[in-house]
Each structure stands twice: as structure tokens, then as C-alpha cells.
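Working notes, structure below.
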Amino acid sequence: MGVGTSFQVGNVVGHPCVDGYGRVGAVTDSRVRVDSFESIAQPVAASEWVEASECKRLRLAVQTRVFFKDGLGHWRAGRVVGGDPPLYFVRLPNSDYDLKVSEDRLFVRWTRPVLSPLDVLIARGNESPYFRDARAPLMRSLVDQWSACAGATSLLSSGVELHSHQVAAAMTVLADPVQRYLLADEVGLGKTIEAGFVIRQRLIDKPNSRIAVIAPDVLRRQWDAELTDKFFVGDFPKKTLRISAHETPERWAEYAGFDLVVVDEAHQLIDGVTESASPYRELASLCHSSESVLLLSATPIMRRESTHLGLLHLLDPHVYRWQDLEGFRAKLAIRKELGRAAFSIDSDLPFLLPDAIGGVLALLPEDARAAALADKILLRLDAAGDLRPGYLPADLNCDVEAFKGHLSETYRLHRRVIRSRRSVVLTETADVEGLESVFEVTGRASVELIESTGHEHSVGREVLGEWADLAVAAADNGYIEDLLPYVDLLSVLTSKVGGPIDDLVACLETRLRLPTGRAEAVPDLREQEILLRAPLLDGEMVFLEQLRAVASTDGLEDHVAAMIPVLRASRRAIIFCGTGVLAPDLAAVLRGRFPRAKFYLHSVLQGSEASEQAIAEWRDGGVLIADSSAEDGRNLQVADAVVHLRLPRTANAMEQRIGRVDRYGSGSAATQHFVGSNPEELVSALDVWFLFLRDAFGVFSQSISALQDSADGLTQVAWRAALQDRTQAATVVQDEISSALVEATRDNELMDALEQSAAFASGRRNILRDLLRVDLEWRSIESPTMEFVASKQGLRLGVVQKRGGVIEIGDSRAEPLISPILLNRIKTVVPETRRGTFDRWAAMKQVGARVFRVGNPLIDRLWDVLRIEDRGQASAHWRVDSTVGTDPEVYLGMDFLIEADTETAVALTDGSDLALRAVERRANQAFAPIHATVWVNALSGAEVLDPRRLRWLEAPYRNSPGDRNLSGSRFDELASIVGGEDALPSVLESAASSANDALIKRDEIQTALSEASDRAVSETVVLRAQAQSRIAAGRLVSDTEGLVLDHRLLSALREGIEQPTVRVLAVSCIVRSPVALGQSFD
């Protein structure tokens, strides 16, 4: 609020050119210099001389974060708790009293992202680590979402299904600084969806955008409904959106100069007209006046030449002129034949290249450049079509890409025509459907561990580990020639571990050819074959005796006690028990203990008719206890909770099991639980197998049904690793399996359009899989978001759960500890953006429900708070560890964001905001931004690599004698350990530098950078060839400037990838001490 018109140095003021609060730094007769404060390292980050009459004196509201120097000249940070100019009451962190501080001593950060959280820490601006614990998971989630969509947040925040060709089309437009495109998908492939993505993104980037949609009158209401219900254009109240009719060209002049023009069924406005006739005349004037244009037409390629030229003229009047109609017709004449001939050009099939290239050259007898590029390829091949010695496949691939790039420009009518064919899309849909199907079904929830402490379970787990060690030792000592039978045997034994050990006992009795204590526990025929194939090991009888000694003690009772909270919280639960007698035994115990509850048994022992009846009754509510007979072919999607007592021995069997509940339906994903011990302990193969299923195969969170062949082979790899080295299996082999599955998925994603592969596929990341992963893991987005929204350490906003999983986020229940300016930004978002869900599919079933992702204005405002508000960006606390030596240790943790440096590339554009964001998205497509955390010893600079130490450092803060916040006067303890107040900045800055160096040296970072650079190089090769082809084409095409610019952009982005920017998102300092804060180290 304005409280005066005369200004003095130190006054807090507002001005249109200042982001948030400004501070008067100098005064003349009629002008003032308004300074912006970033941090103690940059007290004056920017300055503007403005007319004093344009400024307003501002009062600092309660909870405003302020910085000032104390009597010793040291910077301090606190928050306003009262007062008025020129005197305020300021409370320091962890302090019970307030300081009186005059306005001219106070500095307030501008509302831009914090540049250096380390400066906040050095200034003692750190507050409770609770803020860090609330902030860090959400920041990690937001960065992950941003990285997945490459900055095109409309893809995540729109209420539509995601399909490969639509995402690719939208990203092609959104990653281009020149957004003038013809969307020419065949009928029914969703051009409106592609346009909707672009429209919403334009509004996200510029909320006051002016957008015009020109459509046939009969489709106007449909467009309005689509944009309102699926793309939520109502989220942006400052926009101007006009949906006008084909039939009213006289009104189009009102939209001249709009930011974006979208023309649906554009060919209808061009058929049979001339350049000067209406409505084409008015349409051309409108399109040529707009910065961005999207033309939608399902049939432009099949139309007459004049129609197609007329469409392209709307996009680029200088290149595609009506006067060049004859040259345009000549280009069309050779287009189809050339396209057919080019399909067989594939560097992975070099023996086919001579004939394929010969066919192409026959169509282009006068194309000297095509002949030269072809000669370069053929010189690398011998008479048989094999690669000559001394040449690398990568060299051949680059040459082929250059040749295809030339061809694509020969028959591509315009670089900015995007067309998906039904034959290709239907193939892709069938290919991708296994991945996208989870969005049409109940879905999958992350598996949660239910700790088992039973002695019987522990003995079974330990014996399994000892048996595996015995088998490996026998192999190492030469007593076993073939380890494979023991690999298969381990998988069978592992599938019998979990709770009671009767089934495991039966397996060893079978191996030792002893009578089985329980006839019904005899393994099935396949299991018997595996059990008897591997020769006996010395000592297996000892293992059997150990198991018999504890059999039927506490295994069932322990598992029942562990499961009860989950069963009570669910309406329809399923307990999967695997093969053996666990299912009927468990059913008997549960029925005996809870006679009034509904328990149903699905077991091979009771027959199919009884099992069918059990399912029919269970659908009305209760608990279904199932052995392996229920894991194939059943429709159990009404379940709301799944408990896995044992794990099947193959990944495909687990896929089949979870597939029973992850099927078509309208309910939410069933919660998943595994009853066992901490798998990180790696006591036995059971631990490793659980980690493989959860982390490597990812079967708990996503379907692998489309990857069954690969999963089958990788299961064998997993079990061999689990037998030979559990530690390596839990790390290295997991990554190998994950990578192999990614490769298998890519093999399923077919691309059969030459123009698409030549122009776009080489250098850009296909982001669809990352988008699907985000949607699959929506619960991991919900948890940190809601914690920050509703918790005491967050925004303290009211949250109301509605039907169908919809959440309504209200206003603050109590005053949150954030800047009032930022809080006001949250309060002023459109109310509808506060009602939604984290589950995309739940949102799609309820009209108006938003998808809580980046791109939603509310979520974006939360991100603003995280980036601008420095509370939570710096923390320091004392943590007791009795295992440390006599001297305390200081650790610095840093959260980093690694992105391609786009500064040079942006400088090549017109500098507009549109170009800036497009270049960022193009960079993000090549190199997905990475969030990473590095911990170092603050005194030595050594990176912390020990997993146990990292878990200790990253454990949540607990306000207890063992964990104490080092804010306020307690910060002195940290300073004294590192050499005193004066030494603290240099120590922390040195540690930060060490952390940065360690980050860049990480193998996974270097690999990601190298792969991204390679992609950029590949696309650069194509663009160079295309530019040269355009020049050679001469009279037919002349739009070389855009290609040359694209080539320069790619070259600049490649340099930006090789030298990325590294930003610090947060810092945490922990003192590891053998004693509590304040106690003597003696």
C-alpha cells in the first residue's frame, strides 16, 4: 500500500519496472534510483532511474523475509512480525524475541528465483530443516515433470490422453522459434488435440495472449467445448480468445496482429479461389499479420496443386508465391515415386543400400548433389554390401542421414508440414498400447513394504541366503560345472519364502527325496523338475533341519498381524500367496480369528467351481485369498488393495498377477503392499528379486506386457546375478535390465515415414515415454505436493477430498511463512485450477477437474514459491551419530539442476519470449534436465559415496536431542567447527565448488551429456544436408534461411550441451557429532 510520496535512501518502494519490492538507492530532485536486492553477494542486482511520481511507498507485510547487517557488520535474515515504516519488528530464525530494525537497514529480495542458496546459508538465513523436508521432494518432483515434458507443460496439464503422434506434432511446433505449421494428419487422428496443446502452451507462456480460431460455424461450439473441458483455457482470465466462423470473413480483420491464429478445415477456404478472392484474401491478411499460425487440414496433399500452394502461402508468402505455381507442380510430379524409393534406405541394412540408392538416383538423373552423397556411401561398402575395413558404422549412418536429409528436402513440400498417416499411427498405437493402456484402466500404485518381524520368516530368508552362498562356493571350488540348474532352482526356492516355511520345507524334502510332511505341499510338476535337476549340495540336509525346527511357529500369525491394517482400510482386498499351501492355510487362520469378516479362497486345491463362486461373492466386498490359480485370466480390477505375501519366480508371472487388478475399469489404482523384510539388507535372493521387480522391471508401477520376450530373457539374467553376487545384482545388473527394457520398448516403436525420420527423429528425444512415466507415478507427485500445500512447514492451505479422487485446495488455514506477495499470487489463481486430481484418468472422467501437474497455474505458483522464497533453500542442523569419532564432521549437501546452456542459441533468434521458450524446449528435447544431489565433507571436499552415509544424511529432520536446528545463535556452533565466523564463507564456498566438480564427473552425467551431444550432431548433419539441398534446388524452393538458422541453432545447442549450466536449487549443512548440541566432546 502507498504510504507517502517523498522518498529517502532506504525506503521500500514499488515500481512497474521492479519485480516485487525495490529499495531507494539514490534521490535527485524528481527522480529516484530503485535498486533490487538479490542476496548478500549481490545487494544491488539491478538498478533503474525512474520518475519519483511513478513510485509507491510500500509497507512490509507480516511474514516478509528481510535481510540486514547486525552491529558487527554480519548479514542476518529474519521475517517481519509487525511495525510500520520507518520501524519494523523482525524475528530471527529460532528466536523467541523480536528486534527493532529501521526500514533503511532492511533489504527485501526481489521476486526472481534465488541465484545462490549458499549465500542465504552464509547470511545465516537458514531456518528449520522442516522447510527443507517439505520443499525438496516437491522441487524434485516439479523438475522431473519439467524434464519429462521438455518444458512443454501443456502436455502434462491438459485433460487428454497422450498419444505418440500428437505429442510429437505438438513438440515439433513448440520447439520451433517460428511457429507457423500445417497440421495435415489424416482424418480422425486428432489435429484438434495437437492444436489444443499449442494453444494451452501459448497461454501458459503468455497468459494475456490473443488467440483466434477460425472454424466452420457448425464446429465452433465443439471447439469451445474442447478448449474449455480438455485444455482448460478458463485458467487464463487475461486471455483474448475468439472462435470465429468460416462464414464471416468480414470479421477477421478484428483479429489482425493476434499472437496465434488457428484455422480449422483450412482447405475449405482455399478450394477453387484465387489469391485476391474472398475469403482467401481476408484469411491471408490475417495469417500474415500473426506471429504464429496453425492450419488444420486433413487432405492438403490430395488436393489440387493450387490449393496446396495456397495453404503454404499462408505460412510463408515470400517462399511460396502464387507466381511460382508451375515450379510447384513440377515438384509434386516426382514426389510420390521418390518417396517410395527412399523407404528402403537404412544404414542398419547396408547390403540393401546399393540397390536402394540406385533406384533413387534413377529418379534424379540430374541431381549432382544426390549422386555425390550416394558415392560417399557406396565407397564405404564392398561388392557384397558389407562395410569396408577401416570404416565405422557411425560413419555410414551419418552419410546415410545426410543422403536422406537431401531426399527429404527434395520431396518435402514444406519443412513445417506435419502429417501422420493412419497406417503408421495405427501400428504405433498397437505398439504403444501396452504402455498407454494403464491410462485406460485402474492403473498401478507404487508398492509399499509391510515389515515382517516373524522368526519363521526370518529363518526362511536367512537359509535361502546361505543356500545360495553354498551353491556359489561349490561352483568357485569346481564342484559344480554348470551353474544354470541352480539359477532356476534358486527362483523356485525364493518363490516359497514369505511367512510360514512349510512350502520351502517341502521343496528341500523333494530335493532330498524324502517323504513330504504335507501331501498338499508337494511342488507342482514343473517345480519338481527344476528341484531335481540340480545335483545336491553338501549341507542341504542341515538347512532342512534348521527349517523344520521353526516350521509352523509364528509365520502365519506374524503375516496376519502385519496385514490387518491394510485389510481393515480396504473394501475389496486380494492376498496373493503364490504356489503351495499358504493360501488355504492363511484362509483358515483368518476365518478362525475373524469369524464375522468375509474371507474367500481361490485355490487349485478347492477346484475351479468353488474359486469362481469365491470371486463372485468377493465382488460385493471382503478379502480374496488366492494362490497362483488366480494369477492368469481373471478380472479382479474392482480390488482396492493388493497384498503380495510371496513373489512369483518370473517377471512375466508378476505382470500377469498384477494384470488381474490393472485392467479396464473406472476405479482408482489398488494400493500394493509386499510383506517382507527390508530388501536393502540383501540377506537373500528374495531381497534382490523384489528390488529387481520393483526397480529394474518396474512391474509394480507399469505394465511390461508388451515386453514379455525381453522380460523372459532378462529374468534369467536377474536370477543368475542374484545367485552369484547379491550386491552387484542390486546395483549394476538392475541398471542393465532397465536399459535393456528401454531398448526393447524402442524396438517396438516403429517409424515408417521417411520425411519424419529424416527431418526430426535423429536428434530429438522422444518424450512420450517420460510423459507416461510421470503419469504412471502420479502418487509420487501427489505426496510431496500435498505435503507442501497443507503442512505447517508449507502453505497451510485447506484441503478437501471430494468424490472420485478430486481434491479442492482452499485458502490458508493459518498464516504461512512465505512472502505475502507470493501468497497473493497463489490466492489469485482462477478457483477452478484448485480443483483437480493427480491421477490424469480420474480427472478425465470428471468434467472440469484439473490435472495437478506443471502447467496448471496453481502448481506453477507453487513452483514460483519454491524458486523465489528462500526459506527451505538453505538449512543447517546438528545430528548425533554415536559411531563418529571424537571430532565432529561437517557435510554440505547441494541439490543441482543441470540444463543445456541456451544463451548462445537464443542470441541467434529475434530474442522474443516465444523464441526463448522454443529454444529451451528444443534444448530440453536433446538433453533432459537433470536434478541431482551431491554430499561432500565440507572440510576435505571429498564426495560422500557410501550409501549408508547418504541415507543417514538425507534422512528427514526430527526435532529431538539428536537433531537440532542450527539457526540463530546456534549457527555459531557450526562456525566454530570450521574455523570461526570469518572462515565460514570460504569453507562453504570451497565445499560447494567440490560438490560441483563431483557432480560433473559423475558417469551418469557424462553419459547423458555425451548421448545428447551425439543426438545434436546427428540432427546437425541432417540440417546441413537439407540446407545444401535447398540451395541446390534453386528455382523450386528458396526457404534456405530457416534451415541455415536451424543448423546454427543446433550447433549452438550442441555447444550448450557440452558445456551445460549448473544451478544450485538448495543447500543443506549437517554437523555429524558424537554428542548432542551443547554437550562437551571430551
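Numbering of the sequence shown is given in my numbering, commencing with residue 126 and proceeding in unit increments. For every residue, glycine included, the Cβ atom is placed at its ideal position computed from N, Cα and C.
With C-beta atoms as the reference, is residue i less than 8 Å away from residue j?
i	j	result
Ile336	Asp384	yes
Leu896	Leu287	yes
Val1015	Leu1064	yes
Tyr380	Ile395	no
Gly1066	Ser1111	no
Gln1050	Ala275	yes
Gly996	Ile943	The sequence shown places Arg at residue 996, not Gly. Yes, they are a contact pair.
Ala1043	Leu436	no
Ala1192	Met1019	Reading the sequence as shown, one finds Val at residue 1192 and not Ala. Yes, these two residues count as a Cβ contact at 8 Å.
Ala999	Leu408	no
Pro147	Val169	What sits at residue 147 in the sequence shown is Gly, not Pro. Taking 8 Å as the Cβ cut-off, Gly147 and Val169 do not qualify as a contacting pair.
Leu183	Val191	no
Pro262	Pro909	yes
Glu652	Thr704	yes
Ala340	Ala370	yes
Ile655	Asp628	no
Where does residue i fall in DSSP's three states?
i	result
Lys723	coil
Tyr306	strand
Tyr146	coil
Arg938	coil
Glu654	helix
Gly923	strand
Ala1088	The sequence given here has Asp at residue 1088, not Ala. Of the three classes helix, strand and coil, the one that applies to Asp1088 here is strand, per DSSP.
Leu1161	With a pLDDT of 36 at Leu1161, under the threshold of 50, the modelled position of that residue is not reliable, and the figure given next carries that caveat. DSSP places Leu1161 in coil when its eight states are reduced to three.
Lys181	strand
Ile1130	helix
Arg697	strand
Thr365	strand
Asp160	strand
Val187	coil
Leu1109	helix
Lys225	strand
Arg975	strand
Arg234	strand
His288	coil
Glu742	helix
Leaving out the 5 sequence neighbours to the left and right, which residues in its chain are closer than 6 Å to residue i when beta-carbon positions are compared?
i	result
Lys316	Leu308, Asp310 and Leu421
Ser809	Arg586, Leu589 and Gly590
Trp235	Asp144, Gly145 and Ser161
Ala595	According to the sequence displayed, residue 595 carries Leu and not Ala. Excluding sequence neighbours, Leu595 sits near Leu662 and Gly664.
Ser253	Asn1090
Asp757	Gln781
What residues in its chain sit with their C-beta under 7 Å from that of residue i, if we drop five residues either side in the sequence?
i	result
Leu512	Pro475, Arg505, Leu506, Pro518 and Leu521
Gln971	Gly929 and Val931
Pro804	Asp812, Phe815 and Leu816
Phe719	none
Please return the same chain residues whose Cβ sits closer than 8 Å to the Cβ of residue i, not counting the five positions on each side in sequence.
i	result
Ala974	Gly284, Gly929, Val931, Arg960, Gly961, Thr962, Ala967 and Ala968
Gln270	Thr278, Leu281, Val899, Ile906, Arg978 and Val979
Tyr222	Arg216
Ala497	none
Glu430	Leu450, Phe453, Arg454 and Leu457
Problem set entry | Stretch pair the segment 677-693 + the segment 725-733: three plus CB contacts closer than 8 Å | Judged by Cβ distances under 8 Å, the segment 677-693 makes no contact with the segment 725-733, as fewer than three pairs qualify.
For this session: Could you pull out every unbroken alpha helix (DSSP H) segment of at least 4 residues lying fully inside the segment 591-622, listed in chain order?
Result: You should have 609-619.
Exercise. Counting pairs of beta carbons, one from the segment 658-669 and one from the segment 711-719, are three or more of them closer than 8 Å?
Worked result: Cβ pair count under 8 Å is below three, so no.
Problem set entry | Inter-stretch contact (C-beta, 8 Å, three-pair minimum) for the segment 859-866 and the segment 794-803 | Output reads no: the segment 794-803 does not touch the segment 859-866.
Exercise. Can at least three beta-carbon pairs, one atom from the segment 1041-1061 and one from the segment 214-225, be found at a separation below 8 Å?
Worked result: At 8 Å Cβ cutoff, the stretches do not touch.
Exercise. What are the start and end residues of each continuous alpha helix (DSSP H) run of 4 or more residues lying completely inside the segment 384-419, in chain order?
Worked result: Within the segment 384-419, the complete alpha helix (DSSP H) runs of at least 4 residues are 405-414.
Problem set entry | Inside the segment 1007-1046 only - alpha helix (DSSP H) runs reaching at least 4 residues | Unbroken alpha helix (DSSP H) runs of no fewer than 4 residues, entirely contained in the segment 1007-1046, are found at 1028-1032, following chain order.
Problem set entry | Contact the segment 150-164 vs the segment 226-241: 3+ CB pairs below 8 Å | Short answer: they touch.
Exercise. Within the chosen definition, does the segment 348-367 reach the segment 327-336 through at least 3 CB pairs nearer than 8 Å?
Worked result: Remark: three or more beta-carbon pairs, one from each stretch, lie closer than 8 Å, so the segment 348-367 and the segment 327-336 are flagged as touching.
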